[in-house]
Amino acid sequence: MQQPLFLTPVFQEKIWGGDRLHTVFGFDLPSNKIGEDWAISAHPHGVSVVENGEFAGQKLDDLWTNHRELFGNAKGDVFPLLTKILDAEDDLSVQVHPDDAYGLAHEGELGKTECWYIIDAEPGSTIIYGHNAKTREELETLIKEGRWDDLLRKVPVKKGDFFYVPSGTIHAIGKGIMILETQQSSDTTYRVYDYDRKDDQGQTRELHIQQSVDVTTVPAKDAQLTIQQQNQGQSSIVTYLKTAFFNVYEWQVKGILKLTKNAPYTLATVIDGAGNLVVENEDGMKAESYELKKGSSFILPSDIKKWRIEGDVTIIASEPGENA
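Everything in the sequence shown is counted per our numbering, starting at 1 for the first residue and increasing by one.
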């Protein structure tokens with residue numbers, strides 16, 4: 001085949017969403033309260049559809065089931081990764097996600113480890129990242145007494161920051177932040193606190209206090225990152241993370257960046273700029289060129305061994321980790 005799979009975005013309306021996925025990325029949005037673009041997804045709550053080539057019109061979950069050769073005959077019942085762009089016009093709820101064992105036992109799906117690349121952040125923006133409780137009993141007490149300033153850790157953020165958010169991490173994306181999220185394919189979220197806000201029906205959203213206490217890592221563990229950068233002229237590959245779930249990179253292209261396959265398949269989303277994806281034949285000769293623009297998302301399937309990016313463009317890419 002030797003063709004990338006370009007995918008249609010799936011938009012999710014959220015109480016905290018806005019319209020910057022239109023103003024920043026040019027997407028045609030169904031409302032002005034869109035919080036998430038599920039850019040690459042085989043999750044049943046929002047499945048991507050292929051836009052181009054032999055598999056145009058087919059859903060990603062069906063390709064995973066019926067054409068596993070595209071993914072290097074990878075194991076697993078479900079496509080393991082999900083890529084999103086989030087626009088937080090308001091604060092997201094304070095939340096925590098389970099690990100695989102808890103998620104499969106209680107929700108029938110994978111747990112949710114994720115990571116965030118900060119695409120943009122208004123001055124003074126913060127996230128909640130971790131907590132101060134030393135024991136599970138203290139965690140439960142602080143939650144039930146609503147002592148949020150004592151419990152929650154706030155961290156300032158800026159454009160270009162990167163955060164690893166393993167399952168069990170209490171977290172929240174703050175108002176004015178836009179992120180590219182790479183995560184396990186799961187939609188299980190346990191809300192710890194939602195600022196007592198109400199939806200347009202005057203209802204508060206459900207909280208999940210017992211589940212949150214069950215799955216939160218206590219005491220909190222700070223995720224240590226070893227970020228590496230490999231330069232090619234003015235272009236570079238930044239390696240942010242290699243975990244059992246996913247490996248995450250930034251392809252920063254100023255001119256040309258040459259890349260080679262090192263996983264069964266690769267996911268990519270353009271977060272800034274424009275350029276071209278050039279797929280190369282085995283002999284290194286040019287095979288086909290594809291336009292890349294801000295918001296483009298695609299999968300490089302197993303039979304693409306070499307490619308290059310041309311232009312002035314920033315891409316966040318990911319691969320399945322060793323356990324995915």
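For every residue, glycine included, the Cβ atom is placed at its ideal position computed from N, Cα and C.
Annotated three-state conformation of Phe55 is helix, per DSSP. Distance from the CA of Leu70 to the CA of Ser318, rounded to the nearest whole angstrom, comes to 16 Å.
Residue environment for Pro80: buried (at least 16 other C-beta atoms within 10 angstroms of its C-beta).
Asp272 and Asp312 have their C-alpha atoms spaced approximately 8 Å apart.
By the criterion of a C-beta distance shorter than 7 Å, Gly168 is surrounded in its chain by Val96, Asp99, Val215, Thr216, Thr217, once the five residues flanking it on both sides are discounted. Here Ser289 is exposed: its Cβ has fewer than 16 other Cβ atoms, across all protein chains shown, within 10 Å. Membership of Tyr249 in the beta strand (DSSP E) is indicated by the continuous run 246 to 260. For Asn323, no alpha helix (DSSP H) segment is defined, and its DSSP state is neither H nor E. Between Ile316 and Leu180, the beta carbon gap of about 5 Å places them in contact (Cβ cut-off 8 Å). Within the same chain, and ignoring the five residues on either side of Asn132 in sequence, the residues whose Cβ sits closer than 7 Å to its Cβ are Asp150, Leu151, Arg153.
For Gly18, the uninterrupted beta strand (DSSP E) segment begins and ends at 10 to 18.
Under the three-state reduction of DSSP, Val24 is assigned to coil, being neither helix nor strand.
Taking Gly275 as the centre and dropping the five residues before and after it, the same chain places the C-beta of Val253, Leu292, Ile309, Glu310, Gly311, Asp312, Val313 closer than 7 Å to its C-beta, in chain order. Thr188 is the residue among Thr188, Gln201, Asp200, Ala220 whose C-alpha sits nearest the C-alpha of Leu207. If you ignore the 5 residues before and after Lys198, its C-beta comes within less than 8 Å of the C-beta of Thr204, all in its own chain and listed in chain order.
Counting every other CB atom within 10 Å of its CB across the protein chains shown gives Ser31 a total below 16, marking it as exposed. Around the Cβ of Arg20, a 10 Å sphere holds 16 or more other Cβ atoms; the residue is buried. DSSP, read as helix, strand or coil, puts Arg308 in strand.
Residue pairing by DSSP puts Phe162 in a beta bridge opposite Tyr117. Excluding residues up to 5 positions away in sequence, Lys261 lie with their Cβ nearer than 6 Å to the Cβ of Lys305 in the same chain.
Taking each of Gly57, Phe11, Trp116 in turn and checking the Cα distance to Glu36, the smallest one comes out for Phe11. The three-state secondary structure of Ala133, taken from DSSP, is coil. Segment contact: the stretch 57 to 70 against the stretch 152 to 166, fewer than three CB-CB distances shorter than 8 Å; contact not assigned. Take the alpha-carbon of Ser212 and the one of Leu60: they are about 31 Å apart.
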